[in-house]
Amino acid sequence: MRYEAPTTTKEAANLLAKAKGKAFVLAGGTDLLVRMKAGMLEPDLVVDIKRIPATRKVTKTASGFTIGASVSGAELGENKAVKKAWPGVVEATELIGSDQVQGRCTMVGNLCNASPAADSVPAMIAAGAKAAIVGPKGKRSVAVEKIVTGPGKTSLKKGEMIESISLPKGGAKIGDAYLRFIPRTEMDIAVCSAAVCLELGAKNVIKKATVVLGAVAPTAVTVPAAAKAIIGTKLDDDALDALAAACEAACNPIDDKRGTIEFRTEVAAVLARRAAKIAFERAGGK
Amino acid sequence: MSGVHVTTTVNGDAVEFVCPPNEPLLDVLRNRLGLTGAKEGCGTGDCGACSVTVDDRLVCSCLVLGAEVEGRSVSTVEGMADGADLHPLQSKFIEHAALQCGICTPGFLVAAKALLDRNDDPSETEIRYALAGNLCRCTGYDKIVRAVDDAAKDIRKAKAKAATKTAKAKAKKAAAK
Ligand SMILES: Cc1cc2nc3c(=O)[nH]c(=O)nc-3n(C[C@H](O)[C@H](O)[C@H](O)COP(=O)(O)OP(=O)(O)OC[C@H]3O[C@@H](n4cnc5c(N)ncnc54)[C@H](O)[C@@H]3O)c2cc1C
Ligand code: FES
Ligand code: FES
Chain A
5 MRYEAPTTTK EAANLLAKAK GKAFVLAGGT DLLVRMKAGM LEPDLVVDIK RIPATRKVTK
65 TASGFTIGAS VSGAELGENK AVKKAWPGVV EATELIGSDQ VQGRCTMVGN LCNASPAADS
125 VPAMIAAGAK AAIVGPKGKR SVAVEKIVTG PGKTSLKKGE MIESISLPKG GAKIGDAYLR
185 FIPRTEMDIA VCSAAVCLEL GAKNVIKKAT VVLGAVAPTA VTVPAAAKAI IGTKLDDDAL
245 DALAAACEAA CNPIDDKRGT IEFRTEVAAV LARRAAKIAF ERAGGK
Chain Z
67 MSGVHVTTTV NGDAVEFVCP PNEPLLDVLR NRLGLTGAKE GCGTGDCGAC SVTVDDRLVC
127 SCLVLGAEVE GRSVSTVEGM ADGADLHPLQ SKFIEHAALQ CGICTPGFLV AAKALLDRND
187 DPSETEIRYA LAGNLCRCTG YDKIVRAVDD AAKDIRKAKA KAATKTAKAK AKKAAAK
């Protein structure tokens, strides 16, 4: 295996594009190094992106925030501006692992590892996050929900890497939230999860909404019917019941020792309901 | 596999080593630098026995490559005591008998220090969350949590004492003028 630590994204993409054999980006390594250790993969080249300044910083832009691909969970959690605008996204990222894992893990690594249970992914999708991809053919910007195509699979092409994630500006009338169910209080992988982002209009009526479920299908699933169920309402009980029913209908989970199909389906809907209430409050609704 | 040449700082000392590109920092510390404080419990980020800090960030050294620490600053449990003077956490772990076999102890100490460095007055819940990435299979967690809480008290006292001392010195200087 060869280890490279380039200092520009272009150089990193070149190394990845020209690599013979298996090449992997190394961000926090909390998935990659575990899989290498388990013998699940043997890279020929590992490209450490943490020396690339563009991946190291969080910037406030005219349209929102740009979060570099090697910004760790702990670093993101310390950024007051992002936390204020997108508490759901930051909380979801902070749920990843222990303090030790937080010192290393990244949102982009969480996304590209493509686990159906990845915590930050439903929250990023709900918030309308976009991934800035750099590859041999230049740059492109893609909605986060288009990145994961199945367990362990992404739509990134050979030589491509994600340089950063961008989030919209947020605002006083916009709120987001993410909740997961785990049998313990810490250090476990989501049995199911839900993220909700919504925007209120006049008289605190919900104007826009996105509802995303995690760990109940091969990828995170956006549930437009659940969003539709609450748009135009003030999140009364009927709207919440309709949202929960739409969520249950969208679930297609696995059955394993950590959760049966029935359990995951029911709990995902309960989490969506609770996340919607938190998001509503955060958007200034009552 | 050709080796990577790395120059870095460990516990304040400049250090150089050559390691295979896929060798974890934990193995570098233990097998190349003779620092056997950090332990391998799992090798997969679950137990925290290998905890160290890199540029003041708490990490599992089993999930960091040796090659990654070029130019960084690594701190291990070996750097916690000031010569023969133990860190308050170390003293309190002994006083509260917060260890039995001791394999988890270096990791707990390093993780607890990372917590107290940023928050010297944590609640019990905060202590438990901060140490959730450290597993102990024999002592149980109560004694460890109490030792950390007690060490935090000592640290706060020492800080308050140092603050009054500088305040007094300042007042004296001002009076002399
Ligand atoms: C003890 C422990 C607990 C954990 N708990 C959780 C948890 O609670 N919730 C959860 O969701 N996950 C959890 N994880 C999994 C893991 O920590 C997360 O998925 C994390 O976000 C991965 O980020 P990373 O930066 O470490 O990724 P890495 O391991 O560096 O990379 C992961 C994958 O993404 C690719 N990649 C990384 N960055 C890029 C990029 N910029 N462009 C293209 N490809 C890229 C890599 O090549 C690799 O295939 C846990 C892991 C451990 C070890
Ligand atoms: S040995 Fe590193 S976390 Fe267990
Ligand atoms: S003292 Fe033995 S594992 Fe903690």
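For the record, the sequence lines run as chains A and Z. With our numbering applied, the first sequence corresponds to residues 5 to 290, in that order. With our numbering applied, the second sequence corresponds to residues 67 to 243, in that order. Where a beta carbon is used, it is the ideal one built from N, C-alpha and C, also for glycine.
Are aspartate 180(A) and arginine 60(A) close, meaning C-beta to C-beta below 9 Å? Start at 1 with the first residue of the first sequence, and residue 180(A) comes out as number 176. Start at 1 with the first residue of the first sequence, and residue 60(A) comes out as number 56. 9 Å or more divides the Cβ of aspartate 180(A) from the Cβ of arginine 60(A).
In chain order, each alpha helix (DSSP H) run of at least 4 residues that lies wholly inside the stretch 84-166 of chain A: Restricting attention to alpha helix (DSSP H) runs no shorter than 4 residues, the stretch 84-166 of chain A encloses them at 84-89, 91-98, 103-106, 111-117 and 124-131, ordered along the chain.
Thinking C-beta only, is alanine 73(A) closer than 9 Å to valine 38(A)? On the first sequence, residue 38(A) is found 34 positions in, with the first residue counted as 1. On the first sequence, residue 73(A) is found 69 positions in, with the first residue counted as 1. In this structure, valine 38(A) sits away from alanine 73(A), with a CB-CB distance that is not shorter than 9 Å.
Assuming glycine 69(Z) and lysine 41(A) make a contact with CB atoms under 8 Å, what is their CB distance in whole Å? Mapped onto the second sequence, residue 69(Z) falls at position 3. Mapped onto the first sequence, residue 41(A) falls at position 37. Not a contact, Cβ separation roughly 19 Å.
What is the rounded straight-line gap between the Cα of alanine 31(A) and the Cα of serine 76(A)? If you number the first sequence from 1, residue 31(A) lands on position 27. If you number the first sequence from 1, residue 76(A) lands on position 72. Separation of alanine 31(A) and serine 76(A) (C-alpha to C-alpha, rounded to the nearest whole angstrom) is 9 Å.
Chain A partners of glycine 206(Z), CB-CB under 9 Å? One-based indexing of the second sequence puts residue 206(Z) at position 140. Within 9 Å Cβ-Cβ: nothing; glycine 206(Z) doesn't reach chain A, min ~16 Å.
Run of the alpha helix (DSSP H) containing threonine 232(Z), from where it starts to where it stops: Mapped onto the second sequence, residue 232(Z) falls at position 166. Residues 208-242.
Which two residues bound the contiguous alpha helix (DSSP H) that contains leucine 247(A)? Here residue 247(A) refers to the residue found at position 243 of the first sequence. Note, leucine 247(A): alpha helix (DSSP H), 241-254.
Based on DSSP bridge pairs, tell me the residues matched to lysine 64(A). For the purposes of this step, residue 64(A) is taken as residue 60 along the first sequence, with counting starting at 1. In the DSSP assignment, lysine 64(A) forms a beta bridge with Phe69(A).
So valine 130(Z) is in the beta strand (DSSP E); what residue range does that whole segment cover? Here the question's residue 130(Z) lines up with position 64 in the second sequence. No beta strand (DSSP E) contains valine 130(Z), which DSSP labels as neither H nor E.
Do arginine 123(Z) and glycine 101(A) have their C-beta atoms within less than 9 Å of each other? As a first step, residue 123(Z) is located in the second sequence; it is residue number 57 there, counting from the start. As a first step, residue 101(A) is located in the first sequence; it is residue number 97 there, counting from the start. No; because the gap between Cβ atoms is not below 9 Å, this pair is not in contact.
Alpha carbon to alpha carbon, how far is arginine 203(Z) from asparagine 185(Z)? Counting from one through the second sequence, the residue named residue 203(Z) turns up at place 137. Counting from one through the second sequence, the residue named residue 185(Z) turns up at place 119. In this structure, the CA atom of arginine 203(Z) is about 27 Å from the CA atom of asparagine 185(Z).
Distance, Cα to Cα, aspartate 259(A) vs aspartate 148(Z)? The residue given as residue 259(A) occupies position 255 in the first sequence. The residue given as residue 148(Z) occupies position 82 in the second sequence. Whole-angstrom Cα-Cα distance: 53 Å.
Does any C-beta atom of chain Z lie closer than 9 Å to the C-beta of alanine 17(A)? For this step, residue 17(A) is matched to residue 13 along the first sequence. No, alanine 17(A) does not count as interfacial toward chain Z.
Using a beta-carbon distance below 9 Å, is glycine 43(A) in contact with chain Z? Along the first sequence, read from residue 1 onward, the residue named residue 43(A) stands at position 39. Not an interface residue.
When the cut-off is 9 Å and only beta carbons count, does serine 189(Z) lie next to chain A? Along the second sequence, read from residue 1 onward, the residue named residue 189(Z) stands at position 123. So no, serine 189(Z) is outside the interface.
Is threonine 110(A) close to chain Z, meaning its C-beta is less than 9 Å from at least one C-beta of that chain? Here residue 110(A) refers to the residue found at position 106 of the first sequence. It does not; no Cβ of chain Z falls within 9 Å.
Where the stretch 86-117 of chain Z meets chain A: residues whose CB sits under 9 Å from a CB there: Going along the stretch 86-117 of chain Z in chain order, one finds Pro86, Pro87, Asn88, Pro90, Gly109, Thr110, Gly111, Asp112, Gly114, Cys116 and Ser117 with a Cβ nearer than 9 Å to chain A.
Cβ of glutamate 82(Z) less than 9 Å from any chain A Cβ? By one-based count along the second sequence, residue 82(Z) stands at place 16. Taking CB atoms only, glutamate 82(Z) has no neighbour in chain A less than 9 Å away.
If contact is defined by three or more beta carbon pairs under 8 Å, each pair taking one atom from either stretch, is the stretch 128-147 of chain A in contact with the stretch 232-239 of chain Z? Contact between the stretch 232-239 of chain Z and the stretch 128-147 of chain A is absent, because fewer than three Cβ pairs lie under 8 Å.
For leucine 124(Z), go through chain A and note every residue whose CB falls closer than 9 Å to its CB, in chain order. What you label residue 124(Z) is simply residue 58 of the second sequence in a count that begins at 1. Identification of chain A residues near leucine 124(Z) by a Cβ-Cβ cut-off of 9 Å yields Ala78, Ser102, Asp103, Gln104, Gln106 and Gly107, ordered along the chain.
Quick check on the DSSP output: what are the complete beta strand (DSSP E) runs of length 3 or more inside the stretch 164-215 of chain Z, in order along the chain? Fully enclosed beta strand (DSSP E) runs of no fewer than 3 residues are not present anywhere in the stretch 164-215 of chain Z.
Threonine 191(Z) classed as buried or exposed, judged by whether at least 16 other C-beta atoms fall within 10 angstroms: The residue you call residue 191(Z) lines up with position 125 of the second sequence. Counting the other Cβ atoms within 10 Å of the Cβ of threonine 191(Z) gives fewer than 16, which makes it exposed.
In three-state terms, what does DSSP make of leucine 155(Z)? If you number the second sequence from 1, residue 155(Z) lands on position 89. Collapsing the DSSP output to three states places leucine 155(Z) in a helix.
Return the CA-CA distance between isoleucine 235(A) and valine 118(Z), expressed in angstroms with no decimal places. Position 231 of the first sequence, counted from the start, is the residue given in the question as residue 235(A). Position 52 of the second sequence, counted from the start, is the residue given in the question as residue 118(Z). Using only the alpha carbons, I get a separation of about 48 Å.
Nearest to cysteine 201(A) by CA position, among Ala224(A), Thr189(A), Asp192(A) and Ala231(A), is which residue? As a first step, residue 201(A) is located in the first sequence; it is residue number 197 there, counting from the start. Each of Ala224(A), Thr189(A), Asp192(A) and Ala231(A) was checked against the Cα of cysteine 201(A), and the nearest Cα belongs to Ala231(A).
Selection from Leu171(A), Val195(A), Pro257(A) and Asn208(A) that minimises the alpha carbon distance to alanine 66(A): Residue mapping note: residue 66(A) aligns to position 62 of the first sequence, counting from 1. Of the candidates Leu171(A), Val195(A), Pro257(A) and Asn208(A), the residue whose Cα lies closest to the Cα of alanine 66(A) is Leu171(A).
What whole-angstrom Cβ distance do valine 143(Z) and leucine 91(Z) have, given they're in contact under 8 Å? By 1-based counting over the second sequence, the position of residue 143(Z) is 77. By 1-based counting over the second sequence, the position of residue 91(Z) is 25. Their Cβ separation, rounded to whole angstroms, is 14 Å, which puts valine 143(Z) and leucine 91(Z) out of contact at 8 Å.
Backbone secondary structure at glycine 179(A) - three-state DSSP: The residue labelled residue 179(A) in the question sits at position 175 within the first sequence. Strand, per DSSP.
Give the straight-line distance between the Cα atoms of alanine 273(A) and tyrosine 182(A), rounded to the nearest whole angstrom. On the first sequence, residue 273(A) is found 269 positions in, with the first residue counted as 1. On the first sequence, residue 182(A) is found 178 positions in, with the first residue counted as 1. Going from the Cα of alanine 273(A) to the Cα of tyrosine 182(A) covers about 13 Å.
In three-state DSSP terms, what is leucine 217(A)? Taking the first sequence and counting its residues from 1, the one referred to as residue 217(A) is at position 213. It is a strand residue.
Should leucine 197(Z) be listed as close to ligand 3, given that the test is whether its C-beta is under 8 Å from any heavy atom? Locating residue 197(Z) in the second sequence gives position 131, counting from the first residue. Judged by the Cβ position, leucine 197(Z) fails to qualify as a neighbour of ligand 3 at the 8 Å threshold, every heavy atom of the ligand being at least this far.
What is the DSSP secondary structure of aspartate 52(A), counted as helix, strand or coil? Against the first sequence, residue 52(A) aligns to sequence position 48. Note: aspartate 52(A) maps to strand in three-state DSSP.
Nearer than 8 Å: is that true of the beta carbon of threonine 171(Z) relative to any heavy atom of ligand 2? As a first step, residue 171(Z) is located in the second sequence; it is residue number 105 there, counting from the start. Checking every heavy atom of ligand 2 against the Cβ of threonine 171(Z), none is found closer than 8 Å.
Report the CB separation of alanine 130(A) from threonine 237(A) in whole angstroms; it is logged as a contact under 8 Å. Counted from its first residue, the first sequence places residue 130(A) at position 126. Counted from its first residue, the first sequence places residue 237(A) at position 233. Going by Cβ atoms, the distance from alanine 130(A) to threonine 237(A) rounds to 18 Å, so no, they are not a contact pair.
Element boundaries [beta strand (DSSP E), containing glutamate 46(A)]: Counted from its first residue, the first sequence places residue 46(A) at position 42. Per DSSP, glutamate 46(A) belongs to no beta strand (DSSP E) and is neither H nor E.
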